[in-house]
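Enquirer: This is the structure, below, for whatever I ask next.
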Amino acid sequence: MKKVQILGPGCKRCTATADMAQAAAHQLGMPITIEKVTDYAEIAKFGIAATPGVVVDGRVVHAGGLPKPEDMAKWLSA
Amino acid sequence: MSISVTERRAGSQTALWLGASAVGVAVWFAIYSQLDAFSGWATSLAPLTPGSHAAEAVRFFIYDAPKVLMLLTLVVFAMGVVRSFFSAQRTRALLAGRREGVGNVAAAAFGVFTPFCSCSAVSLFVGFVSAGVPLGVTFSFLIAAPMINEVALGLLFALVGWKIAATYLVFGLVVAIIAGWTIGRLRLEGWLEDWVRDLRAGAVDLPEERLMPADRIRAGLDSVREIVGRVWLWIIVGIAIGALIHGYAPNDLLASIMGKGAWWSVPAAVLVGVPIYSNAAGIIPVVEALLGKGAALGTVLAFMMSVTALSLPEMVILRKVLTLRLLAVFVAVVSIGIVVVGYLFNALLA
């Protein structure tokens, strides 16, 4: 099962990104776990400069702004 | 073969988006060129004595509201497209290891174009500092980003003309560069919160997300939906207050409070501006009316910079990474910069 981490302090876009990951996983028929990382120090350790960030199985794939839904599907199925 | 098919499809999609935007901009200009005529006609319908206080206020509102909203939409769209070429990640990579001076100038300039919201100020700050961007350079970015944003510039352009918008842009950059440089010179790295100072995360390398022209146009539309959707009500309220000032406030009163003669008006404007934040969009139409009633430009610009660059909510957020001492230095340096710009302006235009 893939582990998706959404990095962000809990802003509106972070929630939207988490929802997008859930929707994409659902569409792919793929079970995932979603973890929201909201602590600033924890977020910083991933080395990103803008939130929301997306991490799939420990690999940072996106940072800053809402991702495109088709990209989200690509990251999940990669 | 499958690649060429996708590429051809992307190409025709690009043409479609570009065509649609061209039509959209043409329609925008067609409507905009008829606005004055429409406003004149709408005002003449209102049962008001021409020249009365009420008629002046209503006229101000009917002329300003559609004009401001349309210009703002266009500017926000254009900035949204421009901003899709910049990202905080790329800006950081360009600034890391930069020397002070050049770094401050670059950071302030990038601050204008890099997408930024105060909710991500902390992640950005930590991300910059831990990846080796000097503290002073980071501050130059952090001061410029909220102060010189598309809403402020768009509204200034719409209400008081491009000259004042350009002046605000230039002096905003100057404040950001000098304040950041000063903080850098003071060598205050020890005043960061411990966990920030000890963090050496380095920067992660992201695969570039390839954006097609269609994606950039979509980014422009997204920022229109988000920003105009968020601020339009403030602007209407602001224009209504501005209309009341325009129609009813006596000329001499404002000139004596906010005019060039009152030396204390610049620091007072900065103080008043700090707690006002979410209303920034609504403040600028008020500013327009104040200017029309004889308030001094330097005082008004100082007020605007203070509203946007020194906001209470952002300070609360920044407290997570800065010790109280460093936060105080930040506020003091930026305030002094703004006050100096205010006085300079009032003196230059005397």
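Those protein sequences? They're chains P and R, same order as listed.
Residue numbers are given in the numbering used here: position 21 of the first sequence equals residue 21, and the series is strictly consecutive.
In the numbering used here, each residue's number is its place in the second sequence (first place is 1) plus 1000.
Don't be surprised by glycine CBs; every beta carbon is placed ideally from N, CA and C.
Once you ignore the five residues that flank P/Ala21 on each side, which residues in its own chain have a CB closer than 8 Å to its CB?
Expert: These residues qualify, in order along the chain: Val4, Ile6, Ile32, Ile34, Val54, Met72, Leu76.
Enquirer: Are the Cβ atoms of R/Val1175 and R/Val1270 separated by less than 7 Å?
Expert: It is not a contact, given that the beta carbons lie outside the stated cut-off.
Enquirer: Just to confirm before moving on: does the CB-CB distance between R/Ala1255 and R/Gly1294 stay below 7 Å?
Expert: Yes, the Cβ-Cβ distance between R/Ala1255 and R/Gly1294 is below 7 Å.
Enquirer: Can you tell me the Cβ-Cβ gap for R/Ala1165 and R/Leu1156, rounded? I've got them flagged as a contact below 8 Å.
Expert: Indeed they touch by this definition, with Cβ atoms about 4 Å apart.
Enquirer: Under the assumption that R/Leu1327 contacts R/Leu1318 (Cβ atoms under 8 Å), give the Cβ distance between them as a whole number of angstroms.
Expert: Confirmed, Cβ separation roughly 6 Å.
Enquirer: Flag R/Ala1088 as yes if its beta-carbon sits less than 7 Å from any beta-carbon of chain P, otherwise no.
Expert: Chain P, which has a Cβ nearer than 7 Å to the Cβ of R/Ala1088, makes this yes.
Enquirer: Indicate whether P/Gly47 and R/Val1204 have their beta-carbon atoms separated by less than 7 Å.
Expert: Yes, they are a contact pair.
Enquirer: Give a yes or no on whether the minimum CB-CB distance between P/Ala73 and chain R is below 7 Å.
Expert: No, because no Cβ of chain R sits closer than 7 Å to the Cβ of P/Ala73.
Enquirer: Please identify the residue among P/Ala49, P/Glu70, P/Lys68, P/Val37 whose C-alpha is closest to the C-alpha of P/Gly58.
Expert: For P/Gly58, the nearest C-alpha among the options comes from P/Val37.
Enquirer: Between R/Ser1278 and the rest of its own chain, which residues show a CB-CB distance below 6 Å, the 5 nearest in sequence each way excluded?
Expert: Interpretation of R/Ser1278 is limited by its pLDDT of 49, a score under 50 that renders its predicted location unreliable; no figure is taken from the coordinates.
Enquirer: If we cut at 7 Å on Cβ distances, does R/Val1333 have a partner in chain P?
Expert: No, no contact with chain P.
Enquirer: How far does the beta strand (DSSP E) with P/Thr33 in it reach, from first residue to last?
Expert: Counting along the chain, the beta strand (DSSP E) containing P/Thr33 begins and ends at 32-37.
Enquirer: Ignore the nearest five residues each way along the sequence and tell me which others in R/Phe1360's own chain have a CB closer than 7 Å to its CB.
Expert: Outside the shown range of chain R, which is 1001 to 1350, sits residue 1360 of chain R, and nothing can be said about it.
Enquirer: Got a sec? Which residues, its chain only, sit under 6 Å from R/Ser1002 by beta carbon, not counting five neighbours each side?
Expert: Residue placement at R/Ser1002 is flagged as unreliable, the pLDDT there being 49, under the threshold of 50; the coordinate-derived value follows with that caveat. No residues qualify anywhere along the chain.
Enquirer: Which residues of chain R have a Cβ atom closer than 7 Å to the Cβ of P/Ile6, listed in chain order?
Expert: Those do not exist, as P/Ile6 stays about 13 Å from chain R at its closest Cβ, beyond 7 Å.
Enquirer: I'd like to know if R/Ser1278 contacts chain P, where contact means its C-beta is closer than 7 Å to some C-beta of that chain.
Expert: Caution applies to R/Ser1278, whose pLDDT of 49 falls short of 50 and renders its modelled position unreliable; the model cannot decide the point.
Enquirer: Is R/Val1321 near the ligand HEM, with its Cβ less than 6 Å from a heavy atom?
Expert: Among the components of this structure there are no ligands whatsoever, and the ligand HEM is therefore not found.
Enquirer: I'd like to know if R/Arg1210 contacts chain P, where contact means its C-beta is closer than 7 Å to some C-beta of that chain.
Expert: Not closer than 7 Å to any Cβ of chain P, the Cβ of R/Arg1210 fails to qualify, so no.
Enquirer: Which residues, taken in chain order from the segment 1065-1097 of chain R, show a beta carbon closer than 7 Å to some beta carbon of chain P?
Expert: If the cut-off is 7 Å between Cβ atoms, the segment 1065-1097 of chain R has Ser1087, Ala1088, Gln1089, Arg1092 near chain P.
Enquirer: Over what stretch of residues does the alpha helix (DSSP H) that includes R/Gly1342 continue unbroken?
Expert: Run containing R/Gly1342: 1324-1348, per the alpha helix (DSSP H) assignment.
Enquirer: Does any residue of chain R have a CB that is nearer than 7 Å to the CB of P/Val37?
Expert: Not closer than 7 Å to any Cβ of chain R, the Cβ of P/Val37 fails to qualify, so no.
Enquirer: Thinking C-beta only, is R/Val1076 closer than 7 Å to R/Glu1193?
Expert: No. Outside cutoff.
Enquirer: Do R/Leu1107 and R/Ser1140 have their C-beta atoms within less than 7 Å of each other?
Expert: The sequence given here has Ala at residue 1107 of chain R, not Leu. Result yes, Cβ atoms of R/Ala1107 and R/Ser1140 sit closer than 7 Å.
Enquirer: With C-beta atoms as the reference, is R/Arg1083 less than 7 Å away from R/Phe1113?
Expert: Going by C-beta atoms, R/Arg1083 is nearer than 7 Å to R/Phe1113.
Enquirer: Let me know the secondary structure DSSP gives P/Ile6 once reduced to three states.
Expert: Strand, per DSSP.
Enquirer: Closer than 8 Å by beta-carbon distance: list the chain P residues that pair up with R/Ser1033, in chain order.
Expert: Residues of chain P passing the Cβ test: none, with the nearest at roughly 35 Å.
Enquirer: Taking CB distances under 7 Å as the criterion, tell me whether R/Leu1199 reaches chain P.
Expert: Closer than 7 Å: yes.
Enquirer: At 7 Å on the CB atoms, spell out the chain P contacts of R/Phe1128, in chain order.
Expert: Within 7 Å Cβ-Cβ: Ala49.
Enquirer: Would R/Leu1318 pass as an interface residue toward chain P - the criterion being a Cβ-Cβ separation below 7 Å?
Expert: False, the Cβ-Cβ gap to chain P never drops below 7 Å.
Enquirer: Measure from the C-beta of R/Ser1311 to each C-beta in chain P and report whether the shortest distance is under 7 Å.
Expert: Not one chain P Cβ lies under 7 Å of R/Ser1311.
Enquirer: Tell me the rounded alpha-carbon separation between R/Phe1303 and R/Gly1273.
Expert: Distance between the alpha carbons of R/Phe1303 and R/Gly1273: 6 Å.
Enquirer: Could you check whether R/Ala1057 and R/Leu1244 sit closer than 7 Å to each other, using their CB atoms as the reference points?
Expert: Cβ atoms of R/Leu1244 and R/Ala1057: closer than 7 Å.
Enquirer: If we require 4 or more residues per run, which alpha helix (DSSP H) segments fall completely within the segment 1199-1279 of chain R?
Expert: Runs found: 1213-1223, 1229-1248, 1251-1258, 1265-1273.
Enquirer: Give me the Cα-Cα distance between P/Gly8 and P/Ile43, rounded to the nearest whole angstrom.
Expert: The straight-line gap from Cα to Cα measures roughly 7 Å.
Enquirer: Measure the alpha-carbon distance for R/Ala1026 versus R/Tyr1032 and round it to whole angstroms.
Expert: Distance between the alpha carbons of R/Ala1026 and R/Tyr1032 is about 10 Å.
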